[in-house]
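Peer 1: The structure is given below, and queries will be raised subsequently.
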Amino acid sequence: MKRAGKVNKSGASKLCCNSCGKSLRVENGILMEDAFEATKEWGYFSGRDMEVHRFNLCEECYDKMVSQFLIPVEVRRKTEVL
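Numbering-wise (this note's numbering), the sequence shown opens with residue -19 and increments by one.
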């Protein structure tokens, strides 16, 4: 997760959505709402050779982004959590 802003009194820094800037709720160092985190390492034959891009989206911004896709996101259900 991208940490934005200054470290607060408890020693934790804010986690923010890169799209809307919303601060994601953290309590006692634990993220209390889920977010989409993406990391892309660009390779050769792109305009971004050797760059690493990383961003976070709150659930609302993720929903807005994927609703614009012509081909829907593949969704699979998990039957157990490890």
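We put the beta carbon where it would ideally sit given N, CA and C, even for glycine. What you are looking at is a predicted structure, and each value in this text was computed from that prediction instead of being measured.
Using the Cβ count rule (16 or more neighbours within 10 Å means buried), how would you classify N36?
Peer 2: Here residue 36 is taken as the residue at index 56 of the sequence shown, counted from 1. Result: buried.
Peer 1: What residue range does the alpha helix (DSSP H) around K44 cover?
Peer 2: Translated into positions along the sequence shown, residue 44 becomes position 64. Unbroken alpha helix (DSSP H) run through K44: E39 to V46.
Peer 1: Give me, in chain order, the residues of the same chain whose beta-carbon lies closer than 8 Å to that of E60; leave out the 5 immediate sequence neighbours on both sides.
Peer 2: In the sequence shown, counting from the first residue as 1, residue 60 sits at position 80. For E60, where only same-chain residues beyond five positions count, there are no Cβ hits under 8 Å.
Peer 1: Of the choices T19, V32 and L(-5), whose alpha-carbon is the least far from that of I10?
Peer 2: Within the sequence shown, the letter at position 30 stands for residue 10. Looking at the Cα atoms, L(-5) is the closest of the given residues.
Peer 1: What does the alpha-carbon distance come out to for the pair G1 and E40?
Peer 2: What you label residue 1 is simply residue 21 of the sequence shown in a count that begins at 1. What you label residue 40 is simply residue 60 of the sequence shown in a count that begins at 1. Cα to Cα, the separation comes out at about 12 Å.
Peer 1: Cα separation between R57 and G23?
Peer 2: Residue 57 sits at position 77 when you count from the first residue of the sequence shown. Residue 23 sits at position 43 when you count from the first residue of the sequence shown. Distance between the alpha carbons of R57 and G23: 31 Å.
Peer 1: Only counting the same chain, and skipping five residues up and downstream in sequence, which positions put a Cβ closer than 6 Å to that of K(-18)?
Peer 2: Taking the first residue of the sequence shown as position 1, residue -18 is located at position 2. Confidence at K(-18) is low in this model, with a pLDDT of 46, below 50, so its placement is unreliable and the value that follows should be read with caution. Taken in chain order, the residues that qualify are N36.
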